[in-house]
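Below is one structure; the comments refer to it alone.
Numbering (the UniProt record's numbering), first residue to last: 1 to 410.
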């Protein structure tokens, strides 16, 4: 008997028991679907995390001021101003591995147009901030160093602010908004950056010159210290670690810290933070995929159990086939093909189900859905292997049946 005839017999046997065949393949469908969905969602989450860090700027360092102490309790970095404007200028001009540096002072405020208002984040900074943080402009221009020195009442708006104050598609350049009753002329609009995985809207921001921010938004003088963080852009990706060390050494020297003194600031490398986040996401993805793979094995055990029942029920059929000339290897091949067909069809259906689930969850959480064809093919191939491995014992048992005993079986 050739392989084609054996295949036809196997398919007919499966079609005779459609419900049993579907239930047998269900474990494989769930297993493959779970693997595909988990890997697609994990890859999408990794891409989303990477997108967030890319949107923050490339080759980026963050200088956080020192920590404060109150009643024996120590606050985190950023709770006590220790970075001066002179420190910022020294980082910009004296560190060869640094391309640019800019402050980021934040506050929330209600912003008003002529007939609308919106609560948003106000950032006080310098013109270098747009380059350091990779903020490009969609309309107009950003403020200049001269605007900063003069304390000009000008602003650059994020797209979310524009949409809520003026409506979608409106060009607000030249319009006047009010922050704390102070009028600001809109100079430009930043290109959309979107949201972080936790829902932070990067475009819900208004940028104003640092001097104007202190005087008009916080109602304070500029002072010697920067009340916020400093973002530093390394000259290249390869120099980011060197820039981190150079900036740390420069600030320690400027702050007259001794060899045994702890830093009164913290220089963080966003590439290291991003790498840690990616490793955590990747570990979680692997764990979920491993759990999903276990269900594939469970599906294989289900195939073996059902095939054993099938062998018992079809004992007389096996005896008749052997009596009319079927060889043991023909019987073995038939039952193996049945198991393999169930597993592969289950794998294909499971892949489709997994893609559907991944698409649904990606839309729900706002993540990109990244489908890797190699993972889908590997999952389907593994399901076929599971079918062969767990179908081998029932198939061998069928092939070793004594034809006389089989014909006597009731």
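Just so it is clear, CB atoms sit at the ideal spot from N, CA and C, and this is done for glycine as well.
### Task
Pair every Cβ in the region 112 to 129 with every Cβ in the region 200 to 217, then say whether three or more of these pairs are closer than 8 Å.
yes
#### Entry: Top-ranked residue by Cα proximity to residue 132, from 27, 206, 233 and 64
233
### Query
What's the C-alpha gap between residue 342 and residue 26?
9 Å
### Task
Can you check the region 97 to 170 for any alpha helix (DSSP H) of at least 4 residues that lies completely inside it and give the ranges in chain order?
With a minimum length of 4 residues, the continuous alpha helix (DSSP H) runs that stay inside the region 97 to 170 are 129 to 132, 145 to 150 and 159 to 166.
### Query
Which value, in whole angstroms, describes the spacing of the CA atoms of residue 332 and residue 324?
16 Å
### Message
Considering only the alpha carbon of each residue, which of 299, 174 and 399 lies closest to residue 345?
### Response
Taking only the C-alpha atoms, the option nearest residue 345 is 299.
### Message
Is the separation between the beta-carbon of residue 44 and that of residue 294 shorter than 9 Å?
### Response
no
### residue 234 - DSSP class collapsed to helix/strand/coil
strand
### Task
Inspect the beta-carbon positions of residue 231 and residue 90 and report whether they are closer than 9 Å.
no
### Three-pair Cβ contact test at 8 Å for the region 250 to 258 versus the region 105 to 113
no
### Query
CB-CB under 8 Å to residue 383, same chain, minus the five flanking residues each way: which ones, in chain order?
28, 31, 32, 296, 299, 343, 344, 346, 347 and 350
### Query
So is residue 95 buried or exposed if we call it buried at 16+ other beta carbons inside 10 Å?
buried
### Query
Is it right to say residue 338 is buried, meaning 16 or more other beta carbons lie within 10 angstroms of its own, or is it exposed?
buried
### Task
Just confirm the distance between the C-beta atoms of residue 161 and residue 204, as a whole number of angstroms; I'd bet it's less than 8 Å.
6 Å
### Query
Got a sec, what are the start and stop residues for the alpha helix (DSSP H) residue 318 sits in?
315 to 323
#### Entry: Residues near residue 328 in its chain [Cβ-Cβ closer than 8 Å; skip 5 each side]
Annotation for residue 328: 322, 399 and 400 place their beta carbon closer than 8 Å to its own, counting only its chain and skipping 5 residues before and after.
### Task
Out of 241, 307 and 11, state which residue places its alpha-carbon closest to the alpha-carbon of residue 395.
Looking at the Cα atoms, 307 is the closest of the given residues.
#### Entry: Counted within 10 angstroms of its Cβ, other Cβ atoms place residue 335 as buried (16 or more) or exposed
buried
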